[in-house]
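Undergrad: Numbering-wise, my numbering puts 57 at position 55 of the sequence shown, and it's gapless, one number per residue.
We put the CB at the ideal spot given by N, CA and C, even for glycine.
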Amino acid sequence: MNIQQAARGTGLTPDTIRYYERRGVLPPPVRSKNGYRDYTEPHLASLRLARGLRELELPLERVRLIVSVAHDACCGDVRRALEGSIRDTLAQIDERIDQLQHTRTRLRAIRKGIRSMTQESEQVPGITPCACVQLVGEAAR
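(1) Whole-angstrom Cβ separation of Gly13 and Arg66, contact assumed at under 8 angstroms?
(2) Is it buried or exposed for Ser48, if we count other Cβ within 10 angstroms and need 16 for buried?
(3) What's the gap between the Cα of Arg39 and the Cα of Glu59?
(4) Please classify Ala93: is it buried, with 16 or more other beta-carbons within 10 angstroms of its beta-carbon, or exposed?
(5) Starting from the Cα of Ala9, find the closest Cα among Leu46, Glu63, Ser34 and give me that residue.
(6) Around the C-beta of Ser34, are 16 or more other C-beta atoms found within 10 angstroms, so that it is buried, or is it exposed?
(7) Quick check: the Cα distance between Arg56 and Leu62, rounded to an integer number of angstroms?
If you want it as structure tokens, here you go:
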């Protein structure tokens with residue numbers, strides 16, 4: 003099947019499929035006499051697996067490894083590769099969640115301070131500007 007058919011069969015775009023080929027996630031398909039790629043069902047299975055793993059936020063390098071293991075190894079090897087990748091990705095997601103929660107807390111404090119300011123206020127209540135901001139502010143006087 004051609005790349006358009008492969009794209010429809012996997013929910014990926016042709017550009018993504020080509021990208022996966024360039025990055026080694028998908029083994030290159032054979033080419034027909036006219037140079038067009040000829041995808042097979044195993045290619046589609048690999049692409050669906052890659053898509054599912056990317057939707058789980060696994061990095062492309064890990065996806066490449068797992069897809070490769072899925073073709074060349076036994077189920078236990080795939081489980082081990084998946085478990086390690088999922089563990090690492092969960093740790094990264096937890097860290098991002100912590101950072102986002104911290105940012106949300108800071109934004110809420112700034113917003114609350116801004117809302118409580120009066121026209122004559124020069125500083126957001128509860129927010130102390132850093133030394134750099136203070137220096138710049140003093141230099142502008």
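TA: Inspection of the coordinates gives the following:
(1) Numbered from its first residue, the sequence shown carries residue 13 at position 11. Numbered from its first residue, the sequence shown carries residue 66 at position 64. Actually they are not in contact, since the Cβ atoms of Gly13 and Arg66 sit about 19 angstroms apart, beyond 8 angstroms.
(2) Position 46 of the sequence shown, counted from the first residue, corresponds to residue 48. Buried is the call here.
(3) For the purposes of this step, residue 39 is identified with residue 37 of the sequence shown, where counting begins at 1. For the purposes of this step, residue 59 is identified with residue 57 of the sequence shown, where counting begins at 1. Roughly 28 angstroms separates the two Cα atoms.
(4) In the sequence shown, residue 93 corresponds to position 91, counting from 1. Under this definition Ala93 is an exposed residue.
(5) On the sequence shown, residue 9 is found 7 positions in, with the first residue counted as 1. Ala9 has its Cα closest to that of Leu46, out of Leu46, Glu63, Ser34.
(6) On the sequence shown, position 32 is the one that residue 34 refers to. So Ser34 ends up on the exposed side.
(7) If you number the sequence shown from 1, residue 56 lands on position 54. If you number the sequence shown from 1, residue 62 lands on position 60. Our two residues, Arg56 and Leu62, have alpha carbons roughly 7 angstroms apart in a direct line.
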